[in-house]
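Peer 1: Got a structure for you, written out below as C-alpha cells; questions coming shortly.
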Amino acid sequence: MLEVEIIFFDAGGTLLYPDPPLGEVYARIGARHGLAAFPADLEEAFRRAFSRKRARAIPQDREWWRGVVIETFAAFGEPARPDALFDELYRHFARPEAWALFPGARAVPRELRRRGYRTGLLSNWDDRLPGLLSGLRLLPGLDPLVISSEVGAEKPDPRIFDAALVRAGVPPGRALLVGDDPAADVEGARARGLHAVLFDPRGRGPADGARIRALADLLALLPGREG
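Under numbering that gives the first Met the number 0, the sequence shown has 40 at position 41, and the numbering climbs by one with no breaks.
Now the structure itself:
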C-alpha cells in the first residue's frame with residue numbers, strides 16, 4: 000500500500016485522448032486547405048514534430064503549437080493560408096467534443112476521494128486545458144490544477160513537480176503521479192521524490208516499477224486512508 004495523500008493525474012494519454020484520432024483530424028482539415036495526406040502519415044509526422052519541439056523544453060502555448068502544425072504539414076505541401084489552417088486545428092482541439100475519456104477517468108478519481116485521498120492534475124498543456132476539463136466534467140474534483148503553460152516548465156523539469164507539491168502542501172513522498180509517459184511522468188516524478196505509476200493500456204512500456212493497464216487498477220494499489 001502506498002502511503003500518499005494526493006494523487007496527481009496526467010491529462011493527455013491518461014485521462015483523455017483525441018477522438019477522432021489526431022491523424023484523421025489533420026487529414027480532414029488539411030484537405031480543406033489543399034493538402035492531401037494519409038492520416039497515418041500525418042500522425043507520424045506530427046509525432047516527430049511534437050518530439051522535436053518538446054525537446055527544446057519550452058512550455059506549450061499557441062505559438063508553440065503553431066510551430067508543430069506547420070512542421071507536421073511541411074512534407075505534404077504549402078497551404079495557401081497557413082494561419083487559417085492552424086487556427087482551424089487549434090480551435091478544433093479546444094473543443095471538449097474533440098476528446099474522449101479513458102474508462103474510469105471520472106469514476107476512479109471520485110472513488111479515490113471517497114477513500115480519503117485528494118486528487119489533482121499535473122499536465123504538460125496550454126491554457127485550453129481548464130476549459131476542456133470543465134466541458135468533459137472532470138472538474139471540480141481535480142485540485143490543484145498544475146499546467147505547464149502556467150508554471151513555465153514542463154515535465155520532467157523538477158520545477159513543475161515543485162510547483163505541484165507547493166500547491167498541494169505536501170512533501171514529495173506523500174504524492175503520487177499517474178501518467179502515460181515513462182520519461183516525463185514516471186522518471187521525472189521519481190527523480191523529484193514522488194511516487195509514480197505508469198498508465199500503460201497497450202502494455203508497451205517498461206516493465207520496471209508500478210504499472211497499470213486500466214485506471215481502475217489503481218484502486219487495488221490505494222485501498223484507502225485512515226483517519
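In this text, a Cβ means the ideal position worked out from N, Cα and C, and glycines have one as well.
Using the DSSP secondary-structure output, state which residues sit across from Tyr-16 in a beta bridge.
Peer 2: Locating residue 16 in the sequence shown gives position 17, counting from the first residue. Ala-99, per the DSSP bridge assignment.
Peer 1: Are the stretch 175-186 and the stretch 57-71 touching, with three or more C-beta to C-beta distances below 8 angstroms?
Peer 2: no
Peer 1: Since Arg-114 and Arg-224 should fall inside the 8 angstroms C-beta cutoff, what is the C-beta to C-beta distance between them, to a whole number of angstroms?
Peer 2: Translated into the one-based positions of the sequence shown, residue 114 becomes position 115. Translated into the one-based positions of the sequence shown, residue 224 becomes position 225. Confirmed, about 6 angstroms.
Peer 1: Let me know if Val-165 comes out buried or exposed under the rule of 16 or more other beta-carbons within 10 Å of its beta-carbon.
Peer 2: For the purposes of this step, residue 165 is taken as the residue at position 166 of the sequence shown. In this structure Val-165 is exposed. Its beta-carbon is surrounded by fewer than 16 other beta-carbon atoms within 10 angstroms.
Peer 1: Whose C-beta lies closer than 7 angstroms to the C-beta of Leu-100 among residues of the same chain, with five residues either side of it excluded?
Peer 2: Translated into the one-based positions of the sequence shown, residue 100 becomes position 101. For Leu-100, where only same-chain residues beyond five positions count, the Cβ hits under 7 angstroms are Leu-14, Leu-15 and Leu-135.
Peer 1: Throw me the rounded Cβ distance for the Leu-132 and Leu-121 pair, which I believe falls under 8 angstroms.
Peer 2: By 1-based counting over the sequence shown, the position of residue 132 is 133. By 1-based counting over the sequence shown, the position of residue 121 is 122. No, Leu-132 and Leu-121 are not in contact; Cβ-Cβ is about 13 angstroms, not under 8 angstroms.
Peer 1: If you measure between the beta carbons of Tyr-89 and Trp-64, is that distance less than 8 angstroms?
Peer 2: In the sequence shown, the residue the question calls residue 89 occupies position 90. In the sequence shown, the residue the question calls residue 64 occupies position 65. Cβ distance < 8 angstroms, so Tyr-89 and Trp-64 count as in contact.
Peer 1: Do Leu-176 and Phe-7 count as a contact pair if the criterion is CB distance below 8 angstroms?
Peer 2: Numbered from 1 along the sequence shown, position 8 holds the residue referred to as residue 7. Numbered from 1 along the sequence shown, position 177 holds the residue referred to as residue 176. Yes, the pair counts as a contact, with Cβ atoms nearer than the cut-off.
Peer 1: DSSP has Gly-195 in a bridge; who is on the other side?
Peer 2: Start at 1 with the first residue of the sequence shown, and residue 195 comes out as number 196. It should be pointed out that residue 195 corresponds to Ala in this sequence rather than to Gly. Ala-195 pairs with Leu-176.
Peer 1: Anyone know if the C-beta pair for Asp-125 and Gln-59 falls short of 8 angstroms?
Peer 2: Translated into the one-based positions of the sequence shown, residue 125 becomes position 126. Translated into the one-based positions of the sequence shown, residue 59 becomes position 60. Taking 8 angstroms as the Cβ cut-off, Asp-125 and Gln-59 qualify as a contacting pair.
Peer 1: Using CA coordinates, which residue listed in Arg-201, Gly-178, Asp-207 and Ala-190 is at the minimum distance from Leu-217?
Peer 2: Position 218 of the sequence shown, counting from 1, holds the residue named residue 217. Selected option, being the one with the closest Cα: Gly-178.
Peer 1: Hey, would you say Ala-97 sits closer than 8 angstroms to Pro-17, going by beta carbons?
Peer 2: Here residue 97 refers to the residue found at position 98 of the sequence shown. Here residue 17 refers to the residue found at position 18 of the sequence shown. For Ala-97 and Pro-17, yes; Cβs fall inside 8 angstroms.
Peer 1: By the 10 Å Cβ neighbour count, where 16 or more other Cβ atoms means buried, how is Gly-22 classified, buried or exposed?
Peer 2: Mapped onto the sequence shown, residue 22 falls at position 23. Buried, since its Cβ has 16 or more Cβ neighbours within 10 Å.
Peer 1: Could you tell me whether the Cβ atoms of Arg-117 and Ile-211 are closer together than 8 angstroms?
Peer 2: Here residue 117 refers to the residue found at position 118 of the sequence shown. Here residue 211 refers to the residue found at position 212 of the sequence shown. Cβ atoms of Arg-117 and Ile-211: not closer than 8 angstroms.
Peer 1: How many Å lie between Ala-188 and Phe-85 at the Cα?
Peer 2: The count along the sequence shown starts at 1 and reaches residue 188 at position 189. The count along the sequence shown starts at 1 and reaches residue 85 at position 86. Those two C-alpha atoms are separated by around 33 angstroms.
Peer 1: State the beta-bridge partners of Ser-122 as determined by DSSP.
Peer 2: Here residue 122 refers to the residue found at position 123 when the sequence shown is read from its first residue. Ile-146.
Peer 1: So, for Pro-171: in the same chain, excluding its five sequence neighbours on each side, which residues have a beta-carbon less than 8 angstroms away from its beta-carbon?
Peer 2: Within the sequence shown, residue 171 is the residue found at index 172, counting from 1. Only Phe-160, Leu-164, Arg-191, Gly-192 and Leu-193 meet the Cβ criterion.
Peer 1: Taking the beta strand (DSSP E) that Ile-5 belongs to, which residues open and close that run?
Peer 2: Within the sequence shown, residue 5 is the residue found at index 6, counting from 1. Counting along the chain, the beta strand (DSSP E) containing Ile-5 begins and ends at 5-8.
Peer 1: How far does the alpha helix (DSSP H) with Glu-70 in it reach, from first residue to last?
Peer 2: If you number the sequence shown from 1, residue 70 lands on position 71. 61-72 is the extent of the alpha helix (DSSP H) around Glu-70.
Peer 1: Give the DSSP-derived three-state secondary structure of Gly-226 in the structure shown.
Peer 2: The count along the sequence shown starts at 1 and reaches residue 226 at position 227. Because Gly-226 carries a pLDDT of 49, less than 50, the predicted location of this residue cannot be relied on, and the following value inherits that uncertainty. Three-state DSSP puts Gly-226 in coil, outside helix and strand.
Peer 1: Is Phe-11 helix, strand or coil when you go by DSSP?
Peer 2: Mapped onto the sequence shown, residue 11 falls at position 12. Here residue 11 is Gly; the residue named in the question, Phe, does not match the sequence. Strand.
Peer 1: For Pro-19, count the other beta carbons within 10 Å of its own beta carbon; 16 or more makes it buried, fewer makes it exposed. Which is it?
Peer 2: Start at 1 with the first residue of the sequence shown, and residue 19 comes out as number 20. It counts as exposed.
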